[in-house]
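Each remark here refers to the structure printed beneath this line.
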Amino acid sequence: MASASAFLALMKRYCIDYVNVGDQSVTRDLMIEDYVLQMGEYEVVGRDGAYWDATARQMKQYPGLLLTVHEIATCGNRLMMRFTEHGRHAKSGVPCAWGGISMYRWDGSRLTHCSVEQDYWSRKRQIDAGRADTVDHPATAPFTGEGQQPDPAAEKSARKWLEAGGIGTDGAVQCDDEWLPGHERMRVLDQRSIAIHDLFAVGQRVAFHATIDGTIAADFPAGETGAPGALHVAGILHIDQGKIAHGRVIRNRMNLRQSAG
């Protein structure tokens, strides 16, 4: 197993020296030149080109951008992280906070690939309403944990749950901003099938990145109910005795809204 402590140390630099300080030059120490970021329907390739430009725009749009880690775990060669980014929207002056779940690969010294989904839907809601959501509580000493070997049985349980349409229907798993007081569950999309692009376990904790194909649910305020749609999702599930004990999922509702019209 690759060094879990070294992977966590790298992510500490990523979260603090890069994002929270706002120093993009650090990315050359953190990522390979051909670094790949996948989010929703987009794939960004190249640390110093498209990725650099995209992150520079976000830092300009949200000055003082910060990242708070809520959950992080590694098996040595893979790492999962649940986080919130928060900053003040430059154009409107409104502070906002939005959740995300990311999955990383590395070569033993630098990051090579990231799959991530972020809740831009709730970010827009906060900007429109003129008030920020609460930031979830931070993880305690997130970068000092130890790695765990993957549990194949946990991975099998997670796959079964995903294929059975657990996202948006299982009350044990909270999606998007549902954990906040006053926010009701939203089904969003009725699943017909799911393509699991990536899935791995750290102990009995399982991270996944997938695309759900289905039809737009009646509670989704965009598009026509029953119309076909695709929903990009990322999540972290906690397995206990072969069952989903609890978890969090981020659904790319913004992409779905844009494609639904």
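Letter by letter, the sequence shown follows residues 53 to 313 of this note's numbering. Even glycine gets a Cβ: it sits at the ideal position worked out from N, Cα and C. Values in this document were obtained by computation on a predicted structure and should not be read as measured data.
For Q256, the closest C-alpha among the options T126, L117, G101, I246 is that of T126. In the DSSP assignment, W213 forms no beta bridge with any residue. Collapsing the DSSP output to three states places W104 in a helix. The region 109-120 makes contact with the region 67-86, as at least three CB pairs between them are under 8 Å.
For F59, the uninterrupted alpha helix (DSSP H) run begins and ends at 56-64, by DSSP. Y87 is a Cβ neighbour of C166, given a cutoff of 9 Å. For T107, same chain residues with a beta-carbon under 7 Å away, outside a window of 5 residues either side, are Q76 in chain order. Within the DSSP bridge table, the entry for W158 names L163 as partners. About 12 Å separates the CB atoms of H249 and A259; that is not less than 8 Å, and the two are not in contact.
Assignment of beta-bridge partners to A282 by DSSP yields D265.
By the neighbour-count criterion, in which a residue is buried when 16 or more other Cβ atoms sit within 10 angstroms of its Cβ, H122 is buried. Taking C-beta separations shorter than 6 Å and ignoring five residues to either side along the sequence, the partners of A297 in its chain run H290, following chain order. When secondary structure is reduced to three states using DSSP, L117 falls in the coil class, being assigned neither helix nor strand. One alpha carbon belongs to P194, the other to K295, and they sit about 26 Å apart. If you compare the alpha carbons of R140, N304, Q110 with that of G152, the shortest gap goes to N304. In summary, V97 is exposed, with fewer than 16 beta-carbon neighbours lying within 10 Å of its beta-carbon over all protein chains present.
Ranked by Cα distance from D222, the options A205, K112, Q243 are led by Q243. Going by C-alpha positions, E137 is about 33 Å away from G278. Pairing E215 with S209, the inter-Cα distance amounts to about 10 Å. Listed in chain order, the non-local C-beta contacts of G139 below 6 Å within the same chain comprise Y114, G116, L117, local neighbours out to five positions each way being set aside. CA-to-CA, the gap between I264 and Q90 works out to about 16 Å.
Closest in C-alpha terms to D185, from the list G197, D171, T196, comes D171. Ranking Y103, F272, R175 by CA distance to the CA of A312 puts F272 first. Assigned with DSSP and collapsed to three states, K295 falls in strand.
In the structure shown, C227 adopts extended strand secondary structure according to DSSP, grouped into three states. Exposed is the label assigned to H189, since fewer than 16 other Cβ atoms lie within 10 Å of its Cβ. DSSP places D185 in the coil class of the three-state scheme, outside both helix and strand. Here the alpha carbons of A206 and T164 stand approximately 25 Å from one another.
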